[in-house]
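K.L.:
The working numbering applies: residue 736 is where the sequence shown begins, and numbers increase by one. Virtual Cβ for every residue (Gly too), placed ideally from N, Cα, C.
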Amino acid sequence: MKQLMMIGFGAMANEVRQHLPEDLVLRWVVVPARSVAHVQQLLPATVQVISDVEACQGQPDYVIEVAGQAAVKQHAAQVLGKGWRLGLISVGTLADADFLQQLLHIAQNSGGHLHVLAGAIAGIDGLAAAKEGGLEQVTYKGCKSPKSWRGSYAEQLIDLDQVTESTVFYTGTAREAALDFPANANVAATIALAGIGMDQTRVELSVDPHIQQNKHSIVATGRFGQMHIEMSGVPLASNPKTSTLAALSVIRACRNSVDAIQI
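What follows is the structure, encoded as C-alpha cells:
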C-alpha cells in the first residue's frame, strides 16, 4: 500500500479523495495553520493534518498539489528538497521564471521529480511529442461563462453583467495570462510548458453568456503537421471555477503512481 500526501483540501481535493485508487491511501493533508483543526475533524484519525511539510511523520510515495499558486510557492521547494515526487495542478505558478529555475535546481540536486499534470485540457501528450520534432506556432483559446470568470482579472477588462455574445477580452502570451489569471489560466501554462514556451505561446480568452461549459482549443503547426484540438469541459458542481477534467487528471496521476502499466 502506497501513501499519499495532499496539499490543499478544497473542492478539487474532495473530488480526488473520493476516487483514489485502492492501492493508494491518504496519510497527510497540508493546509494553512488556521484550517488544521477544522480539516482534521473532516478526516479519519489516520490522516495527519499539518501546515508545514516538515511536520510530516513518515515519507509519502506521492504528493499532489490541489491548493493554488500560493500553496505551490510555500510548499513545493520543501517537497522536492526531500527527494519526493510532486504532481502539480496549479501550473500557472511556473510562469514565474525564477521560481521555476529554483524548483529545477532543487529537484536536480535532491532526486525529486516535478510532474506537470495536464489539468483541464486534452492533447498534451501529442503536443509534447510534436515538440520533439519542431513546433512552429501554438495558440490556446479559452472561453468560459461570465460566472466562471467572476473574481478574476476579467472583471477589470470587461463588464461581465453586460455581455450578450461571445467576446474576446484578453490576448497575450501564456506567461502573461498565467500571471494575470492565476486561478483560471493554468491551461495556458501547461500548453506552453509542453510546447514552445511561455513567451512564444499565444493566448486568447473570451466570455460567452450562452455557454455552461468551459471551452478550450489548441491550434499548433510544425514539422509534424497541424493539430487542432477542441473540447468543452464541465465545471465541478461544488466550484464553478474548477474543471472536472482537472480533478480527474489528478486522480489519473494518482493511479499512475501505483499502476504497473501507465498510459
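Of the choices D796, S825, K976, whose alpha-carbon is the least far from that of Q809?
P.N.:
That would be S825, whose Cα lies nearest to the Cα of Q809.
K.L.:
Under the assumption that Q837 contacts A812 (Cβ atoms under 8 Å), give the Cβ distance between them as a whole number of angstroms.
P.N.:
Correct: roughly 7 Å between the Cβ atoms.
K.L.:
CA-CA distance, R910 and D831?
P.N.:
Their Cα atoms are separated by approximately 8 Å.
K.L.:
What residue ranges within the segment 825 to 897 form continuous beta strand (DSSP E) runs of no fewer than 3 residues, ordered along the chain?
P.N.:
Listed in chain order, the complete beta strand (DSSP E) runs (minimum 3 residues) inside the segment 825 to 897 are 848 to 851, 870 to 879.
K.L.:
Use the C-beta contact count for L930: other C-beta atoms within 10 angstroms, 16 or more gives buried, fewer gives exposed.
P.N.:
The residue asked about is misnamed: residue 930 is Gly in this sequence, not Leu. Counting Cβ neighbours within 10 Å, G930 comes out buried, since at least 16 surround it.
K.L.:
Should V765 be labelled buried (16 or more other beta-carbon atoms within 10 Å of its own) or exposed?
P.N.:
Burial call: buried.
K.L.:
Report the partner residues of Q809 according to the DSSP bridge assignment.
P.N.:
Note: Q809 sits in no beta bridge, so no partner.
K.L.:
In angstroms, rounded to a whole number, what distance separates the CA positions of A924 and L940?
P.N.:
Their backbone Cα atoms lie some 13 Å apart in a straight line.
K.L.:
So, using beta-carbon positions, are A982 and M747 closer together than 7 Å?
P.N.:
Cβ distance < 7 Å, so A982 and M747 count as in contact.
K.L.:
Going by other Cβ atoms of all chains shown within 10 Å of its Cβ, with 16 needed for buried, is D679 buried or exposed?
P.N.:
The chain is shown from 736 up to 998; residue 679 falls before or after that span and cannot be answered.
K.L.:
Have a look at I859 and A853 and give me their C-alpha separation to the nearest angstrom.
P.N.:
The straight-line gap from Cα to Cα measures roughly 6 Å.
K.L.:
What first and last residue would you give for the beta strand (DSSP E) that runs through M740?
P.N.:
From DSSP, the beta strand (DSSP E) with M740 extends over 737 to 742.
K.L.:
Mapping DSSP to helix, strand and coil, what is R762?
P.N.:
In this structure, R762 counts as strand in the three-state DSSP scheme.
K.L.:
Hey, how far is the Cα of S786 from the Cα of Q997?
P.N.:
Answer to the nearest angstrom: the Cα atoms are 32 Å apart.
K.L.:
Using 10 angstroms around the beta-carbon of D934, count the other beta-carbons present and answer buried if the total reaches 16, otherwise exposed.
P.N.:
Burial call: exposed.
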